[in-house]
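Participant: In the UniProt record's numbering, the protein residues as written are 1 to 178.
Positions of the beta carbon are idealized from the N, C-alpha and C atoms, including for glycine.
A quick note: this is a predicted structure, and the numbers were derived from the prediction, not measured.
Rendered as structure tokens:
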């Protein structure tokens, strides 16, 4: 039987070696733990400017992340914090990602939920945290206004001068307390 890219091969095959008792002790959780440890190591070594992510305390399944607004966009110079929660079936199931910093954007609602296809139906086990953060950073400057969560932001997107003014005002008020 050939496994698809989003099917955990551990489900079909059980190792004869002992499996450490992690969380619920399943091979699936062990697989996710190994993958997340590897991704953390890769992120720490990659040196990509404008993105970062680390586990929250000792919980490898909940990460705090940051993305900087891409240069040349209305978000340039702004820093956004996100929360990433990984299911025990990761990477075969997408993580839940939300903006912790309020973000005025066509594809982000007032609760920080994000409308991005690779977090839903287009998710692939080939994606990793780095790819996801770079995609979110790119989304800031290139939203999908055809599928908005924030209709007001989507309607204003074409008027970049006004849009930038609103983004800066909201960021200054909500994040900087000015």
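Going by the beta-carbon positions, is the gap between residue 171 and residue 78 smaller than 7 Å?
Facilitator: The residue labelled residue 171 in the question sits at position 171 within the chain shown. The residue labelled residue 78 in the question sits at position 78 within the chain shown. Yes. Within cutoff.
Participant: Residue 105 bridges to which residues according to DSSP?
Facilitator: The count along the chain shown starts at 1 and reaches residue 105 at position 105. 108.
Participant: Just how far apart, CA to CA, sit residue 45 and residue 130?
Facilitator: One-based indexing of the chain shown puts residue 45 at position 45. One-based indexing of the chain shown puts residue 130 at position 130. Whole-angstrom Cα-Cα distance: 11 Å.
Participant: Taking all protein chains shown into account, do 16 or more other C-beta atoms lie within 10 angstroms of the C-beta of residue 152, making it buried, or fewer, making it exposed?
Facilitator: Counted from its first residue, the chain shown places residue 152 at position 152. Counting Cβ neighbours within 10 Å, residue 152 comes out exposed, since fewer than 16 surround it.
Participant: Tell me residue 55's beta-bridge partners as DSSP assigns them.
Facilitator: Residue mapping note: residue 55 aligns to position 55 of the chain shown, counting from 1. DSSP, once it has assigned bridges, lists 63 as partnering residue 55.
Participant: Go ahead and pull the three-state DSSP assignment for residue 44.
Facilitator: Taking the chain shown and counting its residues from 1, the one referred to as residue 44 is at position 44. Residue 44: helix per DSSP, three-state reduction.
Participant: Taking the continuous alpha helix (DSSP H) assigned at residue 93, which residues delimit it?
Facilitator: Within the chain shown, numbered from 1, the residue matching residue 93 stands at position 93. Note, residue 93: premise wrong, no alpha helix (DSSP H); not H, not E.
Participant: For the ligand ADP, any of its heavy atoms closer than 6 Å to the Cβ of residue 36?
Facilitator: As for the ligand ADP, it is missing from this structure, which has no ligand bound.
Participant: Do residue 112 and residue 122 have their CB atoms nearer than 7 Å?
Facilitator: Locating residue 112 in the chain shown gives position 112, where the first residue counts as 1. Locating residue 122 in the chain shown gives position 122, where the first residue counts as 1. Contact flag unset, no.
Participant: Buried or exposed: which applies to residue 126, given that a residue is buried once 16 or more other Cβ atoms fall within 10 Å of its Cβ?
Facilitator: Counted from its first residue, the chain shown places residue 126 at position 126. Exposed, because fewer than 16 other Cβ atoms sit within 10 Å of the Cβ of residue 126.
Participant: Tell me whether residue 89 is buried or exposed, calling it buried when 16 or more other Cβ atoms sit within 10 Å of its Cβ.
Facilitator: Here residue 89 corresponds to residue number 89 of the chain shown, with the count starting at 1. Buried, since its Cβ has 16 or more Cβ neighbours within 10 Å.
Participant: Judging by CA-CA distance, which residue of 81, 173, 102 and 61 is the nearest neighbour of residue 94?
Facilitator: For the purposes of this step, residue 94 is taken as residue 94 along the chain shown, with counting starting at 1. The option with the nearest alpha carbon to residue 94 is 61.
Participant: Could you tell me which of 35, 102 and 143 sits nearest to residue 117, measuring between CA atoms?
Facilitator: As a first step, residue 117 is located in the chain shown; it is residue number 117 there, counting from the start. The shortest Cα separation from residue 117 among 35, 102 and 143 belongs to 143.
Participant: Below 8 Å CB to CB, which residues in the same chain sit around residue 104 once its five sequence neighbours on both sides are set aside?
Facilitator: Position 104 of the chain shown, counting from 1, holds the residue named residue 104. Excluding sequence neighbours, residue 104 sits near 150, 153, 166, 167, 170 and 171.
Participant: Tell me whether residue 243 sits in a helix, a strand or coil according to DSSP, three-state version.
Facilitator: Nothing about residue 243 can be reported from this structure: the residues present for the chain run from 1 to 178 only.
Participant: Note down, in chain order, each residue of its chain lying with its Cβ closer than 7 Å to the Cβ of residue 160, except the 5 sequence neighbours on either side.
Facilitator: As a first step, residue 160 must be located in the chain shown, where it is residue number 160. Excluding positions up to five away in sequence, the list reads 74.
Participant: Which residues in the same chain have their Cβ closer than 6 Å to the Cβ of residue 178, if we skip the five residues on either side of it in sequence?
Facilitator: For the purposes of this step, residue 178 is taken as residue 178 along the chain shown, with counting starting at 1. Once the five neighbours on either side are set aside, the close Cβ partners of residue 178 are 172.
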